[in-house]
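Worksheet: one structure, shown below.
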Amino acid sequence: MKDIVMKDATHTIKGNLTLKDSTKNISFPAKVMVAADKITAVADFNIDRTQWGINYKGPNNPQDWVIRKEVNLKLNISATKK
Numbered sequence: 004m005k006d007i008v009m010k011d012a013t014h015t016i017k018g019n020l021t022l023k024d025s026t027k028n029i030s031f032p033a034k035v036m037v038a039a040d041k042i043t044a045v046a047d048f049n050i051d052r053t054q055w056g057i058n059y060k061g062p063n064n065p066q067d068w069v070i071r072k073e074v075n076l077k078l079n080i081s082a083t084k085k
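Sequential numbering of the sequence shown, starting at 4, is according to the numbering used here.
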């Protein structure tokens, strides 16, 4: 996985990402903000789609070679205390 370095990242989040029935352990930089009743995390990072078996007509197909392996994920997660 090729990382994007977030200039304002405050934490590294680690967890499992499941795509197409394939689960991989990942970690990515995130800006985490904590308030009295809410926590928010913002992240922007890349994954290699082929690590999850996401290919166009198979991994050995020349048509797949012209598609970038990197996929950009942007997350904005928030949780509120009840």
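In this text, a Cβ means the ideal position worked out from N, Cα and C, and glycines have one as well.
Report the rounded CA-to-CA distance for N64 versus I42, giving the unit in angstroms.
Whole-angstrom Cα-Cα distance: 44 Å.
Are there 16 or more other CB atoms within 10 angstroms of the CB of M4, so buried, or fewer, so exposed?
Low local confidence applies: a pLDDT of 47 at M4 is under 50, so the model's placement there is unreliable, with the coordinate-based value given in what follows. By the 10 Å Cβ count, M4 comes out exposed.
Under the DSSP definition of a beta bridge, which residues are partnered with T26?
Answer by DSSP bridge pairing, in chain order: T21.
D11 (DSSP reduced to helix, strand or coil):
Coil, per DSSP.
Between L78 and F31, what straight-line distance do the alpha-carbon atoms span, to the nearest angstrom?
Cα to Cα, L78 sits roughly 11 Å from F31.
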